[in-house]
Amino acid sequence: MTRGIQQGMFWTDQPVDEAEKNEIRRKISEVEAEWDILKAKNTEVREQMAGFTNSKKEINDDLANQKHRKRYRERKNELQKAHNAYQAIPVKLDTEKRALDQKRSEVEEARAANAQLSFDLDNAHVDKAKATLQHHAAIVAIRTAQDVLLEAQIREIEARSDVQGLKARNTELVQMLEEEKHNIASFSEESQRARRRAEEAQSKVIEIFARDETRKDLLESLAKDRTVEDIDNDIVAKQGSIELIQVANPGALREFEKRAREIEKLRSKMESSTAKLDHLNRQITKIREKWEPKLDELVGKISDAFSYNFEQINCAGEIRIHKDEDFDQWALDIMVKFRENETLQQLNQHRQSGGERAVSTIFYLMALQSMAQSPFRVVDEINQGMDPRNERMVHERMVEIACREHTSQYFLITPKLLTGLRYDPRMRVLCIASGTHMPKDGKKLDFARCLKIHKRIAAGG
Numbered sequence: 000m001t002r003g004i005q006q007g008m009f010w011t012d013q014p015v016d017e018a019e020k021n022e023i024r025r026k027i028s029e030v031e032a033e034w035d036i037l038k039a040k041n042t043e044v045r046e047q048m049a050g051f052t053n054s055k056k057e058i059n060d061d062l063a064n065q066k067h068r069k070r071y072r073e074r075k076n077e078l079q080k081a082h083n084a085y086q087a088i089p090v091k092l093d094t095e096k097r098a099l100d101q102k103r104s105e106v107e108e109a110r111a112a113n114a115q116l117s118f119d120l121d122n123a124h125v126d127k128a129k130a131t132l133q134h135h136a137a138i139v140a141i142r143t144a145q146d147v148l149l150e151a152q153i154r155e156i157e158a159r160s161d162v163q164g165l166k167a168r169n170t171e172l173v174q175m176l177e178e179e180k181h182n183i184a185s186f187s188e189e190s191q192r193a194r195r196r197a198e199e200a201q202s203k204v205i206e207i208f209a210r211d212e213t214r215k216d217l218l219e220s221l222a223k224d225r226t227v228e229d230i231d232n233d234i235v236a237k238q239g240s241i242e243l244i245q246v247a248n249p250g251a252l253r254e255f256e257k258r259a260r261e262i263e264k265l266r267s268k269m270e271s272s273t274a275k276l277d278h279l280n281r282q283i284t285k286i287r288e289k290w291e292p293k294l295d296e297l298v299g300k301i302s303d304a305f306s307y308n309f310e311q312i313n314c315a316g317e318i319r320i321h322k323d324e325d326f327d328q329w330a331l332d333i334m335v336k337f338r339e340n341e342t343l344q345q346l347n348q349h350r351q352s353g354g355e356r357a358v359s360t361i362f363y364l365m366a367l368q369s370m371a372q373s374p375f376r377v378v379d380e381i382n383q384g385m386d387p388r389n390e391r392m393v394h395e396r397m398v399e400i401a402c403r404e405h406t407s408q409y410f411l412i413t414p415k416l417l418t419g420l421r422y423d424p425r426m427r428v429l430c431i432a433s434g435t436h437m438p439k440d441g442k443k444l445d446f447a448r449c450l451k452i453h454k455r456i457a458a459g460g
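Next comes the structure, spelled out in structure tokens:
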């Protein structure tokens, strides 16, 4: 007795190995067919045994007859063999049943393995989603760091501008201070000379008084009826005159003191700006220590891929970072060498030909392929302007990279190609015919039919 296998209720939409499934079904069908054959034989043997039982009595009666004993013995042997075969049927049925159970167990194991694979696939999808989220978070962090760096650069530029302005203002004030110091020194010398002249005049007055009593009386008469206060006022007036002699410009000293105070304020502001600038420089250095090694590593990988592409055409290439104190002046220098007797030269419009620049450009884009994840890339007329040698080299290198496993898909769009280029089984060539002279019925232009005709003509020739 056999029992049909019910349809599965779980994991029915998961992919299975159809070949193994069909093989198991085929074996089960063979076992069931053999089981039906054995059942039919069992029924036939049972019917024969019933006939044998009926004829047993007749055979026993015939055994008395010595003449037919040999025939009876042969008949008995045949019946014994049939009996033995009948006795062996249950054993064979049991063996086939165990084989059928074994196949059913294998089917269950295959289902369990398929379920485990489905479970592992779901976990892999979850891990991929987690990795995608982590990648997104890393990109957000990088963008935030870039914004912080940009803001710091702007602040540095502003601080440098302030420092330059303060330095210029400080230079101007220092110059003015030196001029005022020079003026004060000049006024001081003039004051000393005036004092010496006054002392000399006083000595001469005393001398005159001693020699000429008449002049003395005259001077005393001039001082007659004048109080000490009047004389003090005259002294103060004379001192004022002396001060006027000392400083020709009365506002110069006040201006000097004012500028001295401004210089002190500017010096304090400059010290504050310098401290702020040092702080910003430390922040920039700290941030730069984080991203600059990663940038060097990234450019190094691009340079290695770029150099490898050039080595395949017996040339040399390298990518370098041009670093400058001003971050706006940072750049990538593409260095190439197309001839053995040359050194690496920077790629520009003056040193290399148009074809060499095109080769360098496409090799640089290919070097970026492993750095930038993209499902496909479109290359539009990259071979335009190239000489045949460079076009063949670029096409061969592009085919080699594009036809690798686990790489982005390439679409090369071009109005023409050279003959005898390298192609790969993984490539597909699509010829697009368009224009004002196209037939209205597009089916008349059957490229597959044209290709068959061409092959037939080539085979006949």
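For the record, in the sequence shown the residue sitting at position 99 is 98 according to the numbering used here, with numbers rising by one throughout.
Glycine is no exception: its CB is placed at the ideal position from the N, C-alpha and C atoms.
Small disclaimer: the values here were computed from a predicted structure and weren't measured.
Can you find the residues in the same chain that come closer than 6 angstroms, C-beta to C-beta, to residue i, ignoring five residues on each side of it along the sequence?
i    : result
V320 : For the sequence presented, residue 320 should be read as Ile rather than Val. Cβ within range, chain order: V298.
Q277 : Note on identity: in this sequence residue 277 is Asp, with Gln being the wrong assignment. Nothing listed; no residue qualifies.
So, for residue i: in the same chain, excluding its five sequence neighbours on each side, which residues have a beta-carbon less than 7 angstroms away from its beta-carbon?
i    : result
G354 : G384, M385, D386 and N389
S407 : Q368, S373, P374, F375 and R376
S475 : In the structure as shown, the chain starts at 0 and stops at 460, and residue 475 therefore has no counterpart that could be examined.
Y363 : F305 and I333
Assign residue i to buried or exposed, taking buried as 16 or more other Cβ atoms, counted over all protein chains shown, within 10 Å of its Cβ.
i    : result
R70  : exposed
C430 : exposed
M370 : exposed
V125 : exposed
Y422 : exposed
S267 : exposed
A366 : buried
Work out the CA separation of residue j and residue i for me, nearest whole Å.
i    : j    : result
E404 : R425 : 10 angstroms
I23  : T42  : 29 angstroms
E17  : A109 : 11 angstroms
R260 : A167 : 17 angstroms
K289 : V147 : 13 angstroms
A153 : A315 : First, the residue type needs correcting, since residue 153 is Ile and not Ala in the sequence shown. Approximately 39 angstroms, taken between the alpha carbons.
E545 : S359 : No answer is possible for residue 545: it lies beyond the span of the chain, which begins at 0 and ends at 460.
V162 : N122 : 59 angstroms
Q86  : E19  : 36 angstroms
E270 : P292 : 33 angstroms
L461 : E107 : This structure leaves residue 461 out entirely; the chain is present only between 0 and 460.
N76  : S104 : 42 angstroms
A274 : I156 : 15 angstroms
E95  : W34  : 8 angstroms
E46  : D100 : 30 angstroms
H453 : C402 : 28 angstroms
G434 : R25  : 57 angstroms
Q245 : S272 : Because the pLDDT at Q245 is just 48, under 50, the model does not fix this residue reliably, and the value given afterwards should be weighed accordingly. So the two alpha carbons sit approximately 40 angstroms from each other.
A81  : N21  : 37 angstroms
R72  : Q79  : 10 angstroms
I361 : E341 : 21 angstroms
C449 : I456 : 11 angstroms
L417 : A330 : 36 angstroms
R396 : P414 : 19 angstroms
A458 : F446 : 18 angstroms
A98  : V44  : 24 angstroms
A432 : V398 : 24 angstroms
I141 : A111 : 45 angstroms
H135 : K257 : 59 angstroms
E29  : K91  : 15 angstroms
Taking C-alpha atoms, which residue in the options lies nearest to residue i?
i    : options                   : result
S306 : A401, L343 and A144       : L343
K322 : R287, G316, R338 and R195 : R287
E31  : K102, Y85 and R74         : K102
D325 : I141, L149, N113 and N313 : L149
V465 : R356, W329, H278 and D327 : The structure shown does not extend to residue 465, since the chain spans only 0 to 460, so no value can be given for it.
R427 : Y409, L346, L120 and K38  : Y409
R281 : L294, A151, V44 and V139  : A151
A84  : A111, K451, G50 and L37   : L37
T170 : E341, I262 and K257       : I262
N313 : V393, I333, Q133 and A140 : V393
R159 : V44, K129, L279 and V378  : L279
I412 : A111, E310 and N382       : N382
R391 : L420, N347, L120 and R97  : L420
Among residues of its own chain, excluding the 5 on either side of residue i, which ones have a beta-carbon nearer than 8 angstroms to its beta-carbon?
i    : result
Q351 : V335, F337, Q344 and S359
K461 : A query on residue 461 cannot be resolved here, the shown segment of the chain reaching from 0 to 460 and no further.
L294 : I320
Runs of 3 residues minimum, wholly inside the stretch 330–409: which ones carry the beta strand (DSSP E) assignment?
330–336 and 375–379
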